[in-house]
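Below is one structure; the comments refer to it alone.
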Amino acid sequence: MSERFDPQQADIRWQRAWDERQCFRADDASDKPRSYVLEMFPYPSGRIHIGHVRNYTMGDVLARYKRMRGHKVLHPMGWDAFGMPAENAAMEKGVHPGGWTRENIANMKAQLQRLGFALDWSRELATCDPEYYGHEQALFLKLYEAGLVYRKESSVNWDPVDETVLANEQVIDGRGWRSGALVEKRKLSQWFLKITEFADELLEGLSGLENWPDKVRLMQENWIGKSQGLQFRFDLSNGEAVEVYTTRPDTIFGASFVAVAAEHPIAQGVAERSPEAQAFIETCRAGGTTAAELETAAKLGFDTGITARHPFTGADLPVYIANFVLMDYGTGAIMAVPGHDQRDFEFATKYALPIPRVVAANADEACKPFAGEAESGDGVIVNSDFLDGKSVDEAKAEVISRAEGGGWGQGRTVWRLRDWGVSRQRYWGTPIPFIHCADCGVVPVPEDRLPVVLPEDVDFQTPGNPLVRHPVWKHTDCPKCGGAAERETDTLDTFVDSSWYFLRFASQPADRPFDPDTIAKWLPVEQYIGGIEHAILHLLYARFWTRALARVGLIDVKEPFASLFTQGMVTHETYERRNPQNGQTIYFSPGEVDRSGEAASLKDDGQPVEIGRVVKMSKSKKNVVDPDEIVATYGADAIRWFMLSDSPPERDLPWSEAGIEGCGRFVQRLWRLFARYDASASGEDKALDRKRDQTVAAVAEDIEALSFNKAVARIYELASAIEKAEPSASRSAAIRAMLLLVAPMMPHLAEEGWAAMGGEGLVAEAAWPEVDPALLVDDEVTIAIQVKGKLRDTLTVAKGMSKDELEALALASDKVQRALDGAEVRKVIVVPDRLVNLVA
RNA sequence: GCGGACGUGGCGGAAUGGUAGACGCAGGGGACUUAAAAUCCCUUGAGCCUUGCUCGUGCGGGUUCGAGUCCCGCCGUCCGCACCA
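Here it is in C-alpha cells:
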C-alpha cells in the first residue's frame, strides 16, 4: 500500500468501476426488500451549491447503506428545469433559456458525478424535456376531466413598463425590480387546481405521516387552517346586507364595528360614489400583496358612513374599509371585536372606536380595563346579555344555534387553504394544453396532439410574454369545430413539475406518464430529504397531486413520502468592511481573505477585515465556497465527510477551512489505519471486539435515524481504539469492519482500501458487517454516587449488581463519607447500573 | 402580523429525568526533524482557600431525591407566508 491515499486518481478510478458495473441501477423486478431514497431534485442554476452536496451526501449514505443491507435501491436524480432564472439569463445575456438550462445541467451533472454519488443515471429526467412535460400535460387534462381544474379571475402584479407579470419576489417596495415602475394589480383569467377539495383529506393524512418532522406537519396543519365559525348577515343602513365570517361568535356582543376588504363589493360600491373611498382603495392596492406585508402594514381604514345593525343589540356599528381584511379568506368582511383580537384592537385604538370587554378571567373582572392589547385567551363571557357566565365554547355553540334558528346565519367550516393558481404568464414552463375557440370556448388539446411543445425561436429583447408575441405558435385550429383558434399562452407553475417527478423516476414508459404496477413496486418514497423551505408548498402540492392522481385511478398511492427529513443550511462566516463614504458594507469572499487564528485580513492589502455573522451562503454576501475547488484539493470523500460531521443534519452546518482540512487529514488517517491490516495476524483482543461490534451496531442505528454526526463521532472513537491496539486477529477484524462502516460515507477510500486488503469485488456491492449480539452488552458499568443529588464518586462494578450491594458500596466510599460529614442518610435512591443517590 | 423552530466551553456539538461538555475544530505544551511539512503524545468550561471545593446548559420562577431534558413566564436569533425554487 502506498503512503498516501491519492483522491484525485482513486475517485475517478472507482467512479468508472461503478459505472462499468452499473452498480446503482435500480432493478424493478428484484424481489429484495425495496428502498426508494430521494433527495429533492435541484434547479439547474449552473453550479452545484454546497447545500446540494450536503443534501445528496445524506441521501447517498442512506442509499449505499441500504444496498449493503441487501435492499434493492432506487436512488435517482433529475432537474427541476423550468423557471424564471432561465428567462432572466435570456434577457441579460441574450442566450436561449433551453440552451442555457441544458448547459447548466451538463455542468452540474459532471459535478455530481465527481462527488461519487450512487445514483441511477439511467432514470435521469429534466422537467423541460417535451417528453416529461408532455406527460404532465396529459395528467393535467385527466385532472381537468375529473373536474379538478377550472378558470377564474385572479389578480397579478403587473409591471406597466416591462409589460409583464411579476412574481412576489420581483416586487420590491411596491415597484418592479427591473423597471422600478409602481406595480399595479391586474385581473386576469387564470387556471386553478382544486386543492381545497382535498383540504380535509390532506389534513387527515398528516396524522398518518409519523415519520415526518412534527414541525412540518404542524406547519401544514396551520396552512390548511381548518376553522369552525359562524357566517352571518348584517343588515346595512343603505338597504344592502353584508355577510361576515367569524371564528369567535362567542364575542359577538363585543363587536364595535364592521370591516370589509378593499376589493369587497361593498367597498367598490362606496367608491363609485366617493372619490375619497376610491383614493383609499387605491392606497391599499399600492401596498404590497403578500400576506406578510398586508399584516405588518399600519392599520388603515376608511369610514364608509354606512352602519350595520347588530343582530342582538340592534346597535348601529360603523362599516369601515380596512387594509388588514383579506378578500381571500372567509367572506372578505368581518365583525371586529377589538377587545379580543389584536388587529381589531390596533384599528379601534387608532380610530377611537369602543373596545368593550366580553371575555374575562372570571365574572368579577367584567369591567377590568385592557392592558394595551387584546385578550384572545379563554375565559368566561361577560357583558353579553344571555351569554353571560358561559364558557367560550358554550357561547360559540349558543350563538351559532340562535343565528341558525333566526335564519340570519349558520355555522360554517372555513379553510385558510386556497385553490392553487397554476397559471404563469411566462415562456419557460409547461404549456397549459388548452385552445381558445371563439365558437367552442375553452377546449382541451386532444391526447393524440400532445405534447404541446414550446417554440424554440423566441425573443426576449422585447417586453412581455414571448408566447403571446410569437408570430405563429399560438395560432391553431379548434379540435372541436376545426375553425381558427388560439392556444393558451400561460404555462404551468413549476411546482406542478415537482409534484409528480418522483412517480416518473419510479416508472418511465414512453407512451404514458408511468405504469401503476411499477409505481406500486417503489412508492411510497422510503426516505425523502430536502430543505425546510419546502415544508409547506412543495410538499403539500406533491401530496395533493398524488391524491388527485389516485382519485382519478391512475395510481394506488395516497401519500408519496413515507418519511421526510428536512436538512439545515450550510453557513459561512462573512468578511466585511464598511465603506466610509456611504456606510455600505463591502463583502469579501473566503478566497480573498487570510484567515488564521482569531483575526482575518485581506490578502490584497494585509489590512484587517471584520469577521461578520455566520449566515446562509449567498452570492450577495460572497460567503460561498465552490464544491469543485474543495474536491480538487481534498477529494470527494473529504467533502462528503465534512457534510456528515459535527452538526446534526437538521441544523445549520457552518463551513470552515479548518474543518475541511481536518476531514482531509482523517481520510489519510484512515488510509494509514487500513495499511495496518494483516490477514495473518493472530491473537484475540476482547475489548476491541466489543468496541467493534458496538460501533457497527450503533453506526447502523445512527444512519437509519440519519444522525450522521453521531455515527461520525463513533467512527472516530473506533479509529482511536484501533490505533491504540496491538496487532492481533481482532485488530485486523476491526480494521475490516471499519472499512465497511465508512464505505457509505467515503466510498472511494473504502474501495481503494478494499482492493489493497484483497477484498472480493467492490465494496459498493459488499454486505454490512454482522455483529455478535453477545458482544453488544458490557459486563461492567460505571455507577455515579451522589450525595443530595451531587456527584461525589463513581464506582465501576459488575453489571446487574443488586440495589443493596450498590448502596453498601456507596456508603463505604471515603468521598461519600466526607461529603456526608456525619449527617444521617434519610433516603436512598438506587437506579441499578446507573447511580446511587444518598439523601441526607 | 400570523405560523414554525432554535438557544450547552473560544467554535460545531454529545447527553432513555440519572456522572454536563462524548467526538471534532481551534488553542497551549512536548516528541520526531538540521529545519519545516506530515505524524504522534499530553493538555484545554470558569473561579478558588487546588488530596479538593464552588459555580456553570439564554434570563426568571416552579415540579423532583435529582432538570440541559418536564411545566409557567420572559429575552434573543433564524425560517415560511401562497408568482423564487
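Quick note on UniProt numbering: the first sequence kicks off at 1 and runs consecutively. The beta-carbon is built from N, C-alpha and C at its ideal position, and this holds for glycine as well.
Per DSSP, what kind of secondary structure is residue i in: helix, strand or coil?
{"i": "Arg426", "result": "coil"}
{"i": "Glu201", "result": "helix"}
{"i": "Cys437", "result": "strand"}
{"i": "Val763", "result": "helix"}
{"i": "Phe234", "result": "strand"}
{"i": "Lys93", "result": "helix"}
{"i": "Trp415", "result": "strand"}
{"i": "Asn465", "result": "coil"}
{"i": "residue 856", "result": "Since the first residue of the chain shown is 1 and the last is 840, residue 856 is not available in this structure."}
{"i": "Trp191", "result": "strand"}
{"i": "Lys152", "result": "strand"}
{"i": "Gln15", "result": "helix"}
{"i": "Asp604", "result": "coil"}
{"i": "Thr246", "result": "strand"}
{"i": "Ile536", "result": "coil"}
{"i": "Leu125", "result": "strand"}
{"i": "Trp79", "result": "strand"}
{"i": "Val712", "result": "helix"}
{"i": "residue 873", "result": "One cannot answer for residue 873 here, as it falls past the ends of the chain, which runs 1 to 840."}
{"i": "Gln22", "result": "coil"}
Give the range of the alpha helix (DSSP H) segment to which residue i is assigned.
{"i": "Ser730", "result": "Ala729 to Val742"}
{"i": "Met108", "result": "Pro97 to Arg114"}
{"i": "Asn837", "result": "Element bounds for Asn837: not the alpha helix (DSSP H) but the beta strand (DSSP E), Leu835 to Val839."}
{"i": "Leu806", "result": "Lys803 to Leu811"}
{"i": "Val631", "result": "Pro627 to Tyr634"}
{"i": "Gly664", "result": "Glu657 to Ala675"}
{"i": "Lys521", "result": "Pro516 to Trp522"}
{"i": "Val696", "result": "Lys686 to Glu704"}
{"i": "Val496", "result": "Thr494 to Asp497"}
{"i": "Lys142", "result": "Pro130 to Glu145"}
{"i": "Ile829", "result": "Per DSSP, Ile829 belongs to no alpha helix (DSSP H); it is in the beta strand (DSSP E), Lys827 to Val831."}
{"i": "Arg273", "result": "Pro265 to Arg273"}
{"i": "Pro747", "result": "Pro747 to Ala756"}
Looking at residue i and the ligand NAD, is the gap between the Cβ and the nearest heavy atom below 7 Å?
{"i": "Asp477", "result": "Looking at this structure, you won't find the ligand NAD or any other ligand, since it has none at all."}
Just confirm the distance between the C-beta atoms of residue i and residue j, as a whole number of angstroms; I'd bet it's less than 8 Å.
{"i": "Val337", "j": "Ala363", "result": "So it is not a contact: roughly 19 Å between Cβ atoms."}
{"i": "Ile50", "j": "Val570", "result": "5 Å"}
{"i": "Val196", "j": "Asp419", "result": "Residue 196 is actually Thr in this sequence, not Val. So it is a contact: roughly 5 Å between Cβ atoms."}
{"i": "Phe484", "j": "Asp477", "result": "Going by the sequence as given, residue 484 is Ala instead of Phe. The pair is a contact, with the Cβ atoms about 6 Å apart (cut-off 8 Å)."}
{"i": "Glu39", "j": "Ile529", "result": "5 Å"}
{"i": "Leu809", "j": "Leu820", "result": "Their Cβ separation, rounded to whole angstroms, is 15 Å, which puts Leu809 and Leu820 out of contact at 8 Å."}
{"i": "Leu673", "j": "Met745", "result": "Not a contact, Cβ separation roughly 15 Å."}
{"i": "Glu559", "j": "Thr546", "result": "7 Å"}
Just grab the DSSP bridge partners of residue i for me.
{"i": "Asn157", "result": "Leu166 and Lys185"}
{"i": "Ala333", "result": "Val260"}
{"i": "His475", "result": "Glu486"}
{"i": "Gly301", "result": "Ala322"}
{"i": "Phe565", "result": "Ile529"}
{"i": "Arg34", "result": "Lys72"}
{"i": "Lys622", "result": "Looking at the DSSP assignment, Lys622 forms no beta bridge with any residue, so it has no partner."}
{"i": "Glu780", "result": "Ala798"}
{"i": "residue 841", "result": "Residue 841 lies beyond the range of the chain shown here (1 to 840); nothing can be said about it."}
{"i": "Glu211", "result": "Per the sequence presented here, residue 211 reads as Asn, with Glu not at that position. Paired residue(s): Ser563."}
{"i": "Trp420", "result": "Leu193"}
{"i": "Asp594", "result": "Ser601"}
{"i": "Ser391", "result": "Val380"}
I need the boundaries of the beta strand (DSSP E) containing residue i, first residue and last residue.
{"i": "His572", "result": "Val570 to Arg578"}
{"i": "Leu791", "result": "Lys790 to Ala798"}
{"i": "Arg613", "result": "Glu610 to Lys616"}
Note to self: Does the structure place the stretch 472–492 close enough to the stretch 441–455 that three or more beta carbon pairs sit under 8 Å?
What the structure shows: Flag = yes, the stretch 441–455 and the stretch 472–492 touch.
Margin query: Is it the case that the stretch 402–422 contacts the stretch 359–379, given that we only count it when at least three CB pairs across the two stretches are under 8 Å?
Written below: no
Note to self: Under 8 Å, with one C-beta from each stretch per pair, do the stretch 757–766 and the stretch 732–744 reach the 3-pair mark?
What the structure shows: Yes, the stretch 757–766 is in contact with the stretch 732–744.
Check: Are three or more beta carbon pairs between the stretch 345–352 and the stretch 261–272 nearer than 8 Å?
Finding: no
Check: Counting Cβ pairs, one atom from each stretch, are 3 or more of them under 8 Å apart for the stretch 80–89 and the stretch 491–501?
Finding: yes
Next item on the list: Give a yes or no on contact between the stretch 217–227 and the stretch 385–397, applying the rule of three or more CB pairs nearer than 8 Å.
Entry: Note that the stretch 217–227 does not touch the stretch 385–397; fewer than 3 beta-carbon pairs, one per stretch, sit closer than 8 Å.
Notebook entry, point to check: If you pair each beta-carbon of the stretch 58–72 with each one of the stretch 147–162, do three or more pairs fall below 8 Å?
Noted result: no
Margin query: I'd like to know if the stretch 68–79 and the stretch 122–134 are in contact, where contact means that at least 3 CB-CB pairs between them fall below 8 Å.
Written below: yes
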